[in-house]
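Asks: One structure, as structure tokens, below. Some questions next.
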Amino acid sequence: MNDRFIQGAGIAGLLLVIPTATSPGISAVRELNPVSPPIESTAEYLIAQCRTARTANPRGPEDALIPYIIEPRNSAVLSDRPNLRWNKVLGVTQYTVTLKNGDTILWTKQVETDAIAYPSDAPALQPGINYTLEVKTNTDRSSTEEDIQTTFYRLSDPEADRIRQAESLFNNTSESTTLLKTDLYIGSELYAAAIDTLESLIEQGSQNPIVYRKLADLYAQANVNLRAESYYQQAIPLASGNLPEQARLQASLGEVYIRLELRPQAIEWLTQAKESYQTLGNQAKVEELQQKLTDLSTQAG
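In my numbering, the protein residues as written are 334 to 634.
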């Protein structure tokens, strides 16, 4: 049986190591860092590591009229009856929600909201199966209009028990401890749980730019670029006085605008990031960003 390091489980300088067999959806060994690495260097890695990953349209679901899936989106889940959520479409009064296993329809519900608790009268999720959630509006728009198929799966019972065991170590409700818990979730592909946890911190009034940035990173990694843009934009003023964090946010926001094919905005933010890294003396990042700016200028020509 292999040892797997669970990301973010370090407490007071200690690192939690939980023995486990390799999950079909989780890499056997991961290096840990309680602070998420920059999106520009890790988005592709995290997506590639996820068993639910698909070759994605880099622009993502930028059409606000599509009820694209928000959670769980290319994520593992702990519960056999997880909460389900999708993009709220303006003017829509009814959504038809369908859960599928391959081509087999498991259940269908009609609701008026943009979220639903997993139906109590529906079959519970089984471990190791890729499920697909589809949502259609009464205006005839569908989550399947995305260029990728988003799926999710339930962790095995032993794996879920190990995660819950690790969760029990985070009995301190401070923001810093909660951020460590999100790294535990991210390291176990529980991206939906990480998003819920970070959004809860924001709802509680957090003004920590790292909370917003980590949430934006998760949405960017899932190619939900409109939400990533929003949270990066909110994080930047919160990071005033912290130039390394601002540089990181500026570069990440520029990358999102590249995916959204908004070249002027991408150039604006990548230029700001380059200037910030120049001030910080990080020549490698300056050269990397200059190359991206050159590529954007060439495309414009």
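We put the CB at the ideal spot given by N, CA and C, even for glycine.
Is serine 476 near threonine 484, with beta carbons less than 9 Å apart?
Replies: Mapped onto the sequence shown, residue 476 falls at position 143. Mapped onto the sequence shown, residue 484 falls at position 151. Contact: no.
Asks: By DSSP, does proline 456 sit in helix, in strand, or in coil?
Replies: For the purposes of this step, residue 456 is taken as the residue at position 123 of the sequence shown. Looking at proline 456 - three-state DSSP - the assignment turns out to be coil, as it is neither helix nor strand.
Asks: What are the boundary residues of the beta strand (DSSP E) that includes valine 444?
Replies: Stepping through the sequence shown from its first residue, residue 444 is reached at position 111. Valine 444 -> beta strand (DSSP E) spans 437-444.
Asks: Count the other CB atoms, across all protein chains shown, that sit within 10 Å of the CB of asparagine 420; report buried if there are 16 or more and exposed otherwise.
Replies: Walking along the sequence shown from the start, residue 420 turns up at place 87. The residue in question, asparagine 420, is buried, as its Cβ has 16 or more Cβ neighbours within 10 Å.
Asks: Secondary structure at serine 533, three-state DSSP: helix, strand or coil?
Replies: Counted from its first residue, the sequence shown places residue 533 at position 200. In the structure shown, serine 533 sits in a helix (DSSP, three-state: H, G or I).
Asks: Quick one, which of Leu613, Asn575, Leu603, Arg581 has its alpha-carbon nearest glycine 587's?
Replies: Position 254 of the sequence shown holds residue 587. Considering only alpha carbons, the answer is Leu603.
Asks: Between the Cα of tryptophan 440 and those of Ser453, Ile569, Asn541, spot the shortest distance and give me the residue it belongs to.
Replies: Sequence index remark: in the sequence shown, residue 440 carries index 107 (1-based). Residue Ser453 is the option with its Cα nearest to tryptophan 440.
Asks: Please report the straight-line C-alpha distance between threonine 631 and valine 557, rounded to a whole angstrom.
Replies: Mapped onto the sequence shown, residue 631 falls at position 298. Mapped onto the sequence shown, residue 557 falls at position 224. Spanning the two alpha carbons is a distance of roughly 27 Å.
Asks: What's the C-alpha gap between valine 589 and glutamine 605?
Replies: Here residue 589 refers to the residue found at position 256 when the sequence shown is read from its first residue. Here residue 605 refers to the residue found at position 272 when the sequence shown is read from its first residue. Taking the straight line joining both Cα atoms gives about 14 Å.
Asks: Measure the beta-carbon distance from leucine 417 to isoleucine 449 and round it to whole angstroms, keeping in mind my assumption that it falls under 8 Å.
Replies: As a working mapping, residue 417 is identified with position 84 in the sequence shown. As a working mapping, residue 449 is identified with position 116 in the sequence shown. Confirmed, about 5 Å.
Asks: Please tell me whether leucine 582 and isoleucine 569 are closer than 9 Å, where the distance is taken between their beta carbons.
Replies: Counted from its first residue, the sequence shown places residue 582 at position 249. Counted from its first residue, the sequence shown places residue 569 at position 236. Yes, the pair counts as a contact, with Cβ atoms nearer than the cut-off.
Asks: Please go through the same chain and pick out, in chain order, the residues whose beta-carbon is closer than 8 Å to the beta-carbon of lysine 514, but skip the five residues on each side of it.
Replies: As a position in the sequence shown, residue 514 is number 181, starting the count at 1. The residues are Gly341, Glu500, Phe503, Thr530.
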